[in-house]
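What follows is a single structure, written as C-alpha cells, with notes after it.
2 protein chains.
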Amino acid sequence: MSDFAQWARQVQERMETALALALPPASIAPTRLHEAMRYVTLGGGKRVRPMLAFAAGEAVGADQTPLTAAACAVELIHVYSLTHDDLPCMDDDQLRRGKPTCHVEYDEATAMLVGDALQSHAFEILSQPGLFPDPASQVEMLHVLAQASGSRGMCGGQAVDLASTGRQLDLAELEFMHIHKTGALIRAATLMGGLSGGPLTSEARASLEHYAKCIGLAFQVMDDVLDAEADTATLGKTAGKDAAQGKATYLSLMSHKEARDYARGLLDDALSSLRPLGDASRRLADIARFIVERSY
Amino acid sequence: MSDFAQWARQVQERMETALALALPPASIAPTRLHEAMRYVTLGGGKRVRPMLAFAAGEAVGADQTPLTAAACAVELIHVYSLTHDDLPCMDDDQLRRGKPTCHVEYDEATAMLVGDALQSHAFEILSQPGLFPDPASQVEMLHVLAQASGSRGMCGGQAVDLASTGRQLDLAELEFMHIHKTGALIRAATLMGGLSGGPLTSEARASLEHYAKCIGLAFQVMDDVLDAEADTATLGKTAGKDAAQGKATYLSLMSHKEARDYARGLLDDALSSLRPLGDASRRLADIARFIVERSY
Chain P
262 MSDFAQWARQ VQERMETALA LALPPASIAP TRLHEAMRYV TLGGGKRVRP
312 MLAFAAGEAV GADQTPLTAA ACAVELIHVY SLTHDDLPCM DDDQLRRGKP
362 TCHVEYDEAT AMLVGDALQS HAFEILSQPG LFPDPASQVE MLHVLAQASG
412 SRGMCGGQAV DLASTGRQLD LAELEFMHIH KTGALIRAAT LMGGLSGGPL
462 TSEARASLEH YAKCIGLAFQ VMDDVLDAEA DTATLGKTAG KDAAQGKATY
512 LSLMSHKEAR DYARGLLDDA LSSLRPLGDA SRRLADIARF IVERSY
Chain B
262 MSDFAQWARQ VQERMETALA LALPPASIAP TRLHEAMRYV TLGGGKRVRP
312 MLAFAAGEAV GADQTPLTAA ACAVELIHVY SLTHDDLPCM DDDQLRRGKP
362 TCHVEYDEAT AMLVGDALQS HAFEILSQPG LFPDPASQVE MLHVLAQASG
412 SRGMCGGQAV DLASTGRQLD LAELEFMHIH KTGALIRAAT LMGGLSGGPL
462 TSEARASLEH YAKCIGLAFQ VMDDVLDAEA DTATLGKTAG KDAAQGKATY
512 LSLMSHKEAR DYARGLLDDA LSSLRPLGDA SRRLADIARF IVERSY
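In C-alpha cells:
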C-alpha cells in the first residue's frame with residue numbers, strides 16, 4: 262500500500278471513530294431518528310472532505326482535536342446533502358455507498374429529518390465552547406461552513422442543477438453549478454482545516470483557496486467521467502444516472518479524453534498553487550492526484 | 262392599542278426590515294430559490310421567537326444590532342421548520358400564514374431546498390465575524406441555536422410527533438414531544454436574547470430558562486385549544502387538522518377548561534421566575550400573558 266493510501270485509510274478510520282462518538286447514540290430518544298442518522302453517516306464514504314481538512318491542518322500545524330471536529334462538521338453537511346438529494350422529489354436514488362438510501366431503508370419523512378438534524382449537528386459540533394484556542398477563528402470557521410452550505414453555496418448549486426435537468430448548459434453554466442454544488446464545501450473543508458490552526462496569513466489563505474477551486478472542479482469532471490465509465494457495483498451508487506436523466510455533464514460538452522485532459526490541467530494548477538506552503542502541504546498534493554487518478 | 266401591542270408591532274416591523282435585508286435578494290442567482298426563501302419568510306408570522314429574543318435582550322440591556330441578528334437567526338430556523346413540516350411527506354399542509362405553502366406555490370424540491378438553505382442562513386447570520394463584542398458569547402449562542410434545532414431539540418420533537426400519529430400519548434409523552442418540538446427553540450430565542458448582552462449570570466440564566474420552559478408549554482397548550490376552537494380564516498392555517506389526523510393534543514387528555522387552566526398555571530409560574538430580573542423583564546411578562554390570552 263502506498264504511503265498516501267495508508268494515510269487515507271488512517272483518516273477514514275479516525276473519522277469512523279470520531280463520527281460514531283459525535284453522533285447521538287441510537288439508544289437515546291428519538292431512537293429511530295438517531296439510528297437513521299448513524300445509518301447514513303457511518304460505515305462508508307471516501308471521506309474526501311475530511312481528508313482535505315486534515316491535509317490542510319497538517320500544512321499549517323493544527324492540533325488534532327479541533328481538526329477532527331472541523332472534519333466531522335464538514336462531513337455531516339456532506340452526508341445531509343446526499344440524504345436529501347436521494348429523496349424522490351430530488352434525484353430519487355435507491356442506492357448510496359452500496360446500501361439502500363435512507364428513504365428506502367426508513368421512510369421519506371425520516372430521511373428529511375435525518376438531513377435536517379445532521380445539518381444542525383454539524384454546527385453543534387463546530388460551536389462547542391472552548392473547542393478552539395481562539396474563539397474568533399472558531400466564529401470564522403462557522404461562517405465559512407454556513408456560507409458554503411447555503412443558497413450561495415451547496416444548496417444554490419443544487420437548485421441550479423435541478424433547474425438544468427433536460428436542458429443543455431454551456432461550460433460556464435456547468436462550472437457555475439459545480440462551483441456551488443460541490444466546490445463550495447470542498448473549499449470550506451480546506452479552509453476550515455487551515456483555520457483549525459488559528460488565523461491564516463493572506464498568502465496561505467490564497468494558496469488554499471486556489472487549490473480548493475481547482476480540485477473542486479477536477480473532482481466533478483472525474484465524477485462525470487467515472488459515472489459514465491464505471492458499472493454500478495464499482496461505483497457503489499446507480500451508474501449512468503445523470504446522463505439518463507438528461508442532466509448536463511462534462512461529457513455532454515467534451516469527449517472522455519478531453520475531460521481527462523481538462524482534469525489533469527486542473528491538477529497541475531492545484532499543485533502549483535501549493536508551492537508557497539512548502540513540503541508540509543504534500544498531503545494536499547496527494548489528494549489532488551488521487552482525485553484525478555482514482556477509478557471509483 | 263395597548264403599550265404591549267405597540268411594542269409587538271414595532272418588533273414585527275423591525276423584523277420585516279431586518280429579514281428582508283438579511284436574505285439574499287431575489288435578483289441574484291439562483292433566483293427562484295431566493296424568491297422562494299423570501300416568499301416563506303417575509304410578510305407574515307407573529308414573530309413570537311424574535312419578540313422573546315428582543316424582550317430578553319431588553320432585560321439584560323443588550324445592543325440592538327447583535328440582538329436583531331440573533332432574532333433573525335432564530336426566526337429563520339422556525340420558518341425553515343414550517344416549510345419542511347408542510348411538505349407532503351410530513352403534515353401535507355396547503356395553507357400557511359394565509360398563503361399557499363411553499364411546495365404548493367413552487368414545488369417539493371424547491372421547498373426542501375428553501376428549508377435547507379434557511380437553516381444554513383440562520384447560522385451564517387449568527388456567525389458574522391465581529392458581530393458580537395465577545396466572540397466566546399457568540400460561539401455559545403451558535404451552540405444554543407444548533408442544539409435547539411437538532412435531533413435532541415426541534416427535529417427530535419418532530420420525529421416523536423410523526424411516530425405518535427394515530428396513537429394515544431399520556432401527558433408525560435406529550436410534554437416530552439412539545440419540550441423538544443417547540444420548547445427548544447423558544448428556550449433558544451430567550452437565551453440568545455440574553456446572551457446578546459454578553460455572558461449571563463447563573464441566576465439570570467436560570468430565570469430565563471425556567472420562564473422559557475413554562476411559556477413553551479403554555480404556547481403549545483394554547484395552540485391545541487385555538488386549533489380546535491378557531492376557524493381556518495382566523496388561524497391563517499388549516500384548522501382542526503391535528504385532531505383530524507389522529508395526532509395527540511392536550512385536548513385528547515383534558516377538557517378545554519382544564520387546558521386553559523393549565524396554561525394559566527404555567528403563566529403564573531413563568532411570571533414568578535422573572536422576579537429576580539426586576540422591572541427590565543416586563544416585556545417578557547407581557548409576552549407570557551399574550552401567549553396565554555391570545556385568540557389566534
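Order-wise, the sequence lines are chains P and B. So in the numbering used here the end of the first sequence lands on 557, straight run, no missing numbers. So in the numbering used here the end of the second sequence lands on 557, straight run, no missing numbers. Beta carbons are placed, not taken as given, at the ideal position from N, Cα and C, and that holds for glycine.
Around the C-beta of B:Leu432, fewer than 16 other C-beta atoms lie within 10 Å, and the residue is accordingly described as exposed. Taking C-beta separations shorter than 8 Å and ignoring five residues to either side along the sequence, the partners of P:Leu512 in its chain run Asp485, Val486, Ala489, Ala504 and Ala520, following chain order. Within the region 356 to 375 of chain B, those residues whose Cβ lies closer than 9 Å to any Cβ of chain P are, in chain order, His364, Asp368, Glu369, Ala370, Thr371, Ala372, Met373, Leu374 and Val375. DSSP links P:Pro361 through a beta bridge to P:Leu356. When DSSP states are grouped into helix, strand and coil, P:Arg544 belongs to the helix group.
Contact with chain P is found for B:Leu348, since one of that chain's Cβ atoms lies less than 9 Å from the residue's Cβ. Here B:Ser381 is buried: its Cβ has 16 or more other Cβ atoms, across all protein chains shown, within 10 Å.
Under a criterion of Cβ atoms nearer than 8 Å, the residues of chain P adjacent to B:Cys416 are, in order, Leu294, Leu374, Asp377, Ala378 and Ser381. Rounded to whole angstroms, the separation of the alpha carbons of B:Ala317 and B:Gly455 is 5 Å. Interface annotation, P:His471: not in contact with chain B, CB-CB separation never under 9 Å. DSSP places P:Gln389 in the coil class of the three-state scheme, outside both helix and strand. Annotated as proximal: P:Glu369 and B:Cys350, with beta-carbon spacing under 9 Å.
Apart from the 5 residues on each side of it in sequence, B:His295 sits with its Cβ closer than 6 Å to the Cβ of Pro285 and Ala287 in its chain, given in chain order. Straight-line measurement puts the Cα of P:Ala281 at about 31 Å from the Cα of B:Asp347.
DSSP places B:Thr426 in the coil class of the three-state scheme, outside both helix and strand.
Exclusion of the five residues before and after P:Arg310 leaves Val335, Glu336, His339, Leu446, Ile447 and Ala450 as the residues of its chain whose Cβ lies within less than 7 Å of its Cβ. Distance from the Cα of P:Arg358 is smallest, within the candidate group P:Gln429, P:Gly304, P:Gly477 and P:Leu514, for P:Gly304. Three or more beta-carbon pairs separated by less than 8 Å link the region 315 to 331 of chain P to the region 532 to 548 of chain P, which places the two stretches in contact. P:His404 places its beta carbon less than 9 Å from that of B:Ser388. P:Ser463 and P:Leu406 have their C-alpha atoms roughly 19 Å apart. Contacts with chain P (Cβ-Cβ distance below 7 Å) from the region 397 to 411 of chain B involve Ala397, Gln399, Val400, Glu401, Leu403, His404, Ala407, Gln408, Ser410 and Gly411, listed in chain order.
Chain-order list of chain P residues neighbouring B:Phe384: Phe384, Leu403 and Ala407, by C-beta distance under 7 Å.
At least one beta carbon of chain B lies nearer than 9 Å to the beta carbon of P:Leu423. Residue burial annotation: B:Lys474 is buried, with at least 16 other C-beta atoms found within 10 angstroms of its C-beta.
At a cut-off of 9 Å between beta-carbon atoms, B:Tyr300 makes no contact with chain P. Remark: C-beta atoms of B:Val375 and B:Met298 approach each other more closely than 9 Å. Residues of chain B whose Cβ lies closer than 9 Å to the Cβ of P:Ala489 do not exist; the shortest such Cβ separation is about 24 Å.
By the 16-neighbour rule on beta-carbons within 10 angstroms, B:Gly458 is buried. With respect to chain B, the C-beta atom of P:Ser388 has a partner C-beta closer than 9 Å. Straight-line measurement puts the Cα of P:Asp395 at about 17 Å from the Cα of P:Arg466. The closest CA to that of B:Leu328, considering only B:Met276, B:Glu554, B:Ala524 and B:Thr371, is found on B:Met276.
Look at the region 319 to 332 of chain B: it has no residue with a C-beta under 8 Å from a C-beta of chain P.
Counted as a single uninterrupted DSSP element, the stretch harbouring B:Gly304 is not any alpha helix (DSSP H), since DSSP gives it neither H nor E.
Contacts with chain B at 9 Å (Cβ-Cβ) include P:Pro291.
P:Tyr367 sits in coil when the DSSP states are folded into three classes, being neither helix nor strand. With a beta-carbon spacing of about 7 Å, B:Ser412 and P:Pro291 fall inside the 8 Å limit used to define contacts.
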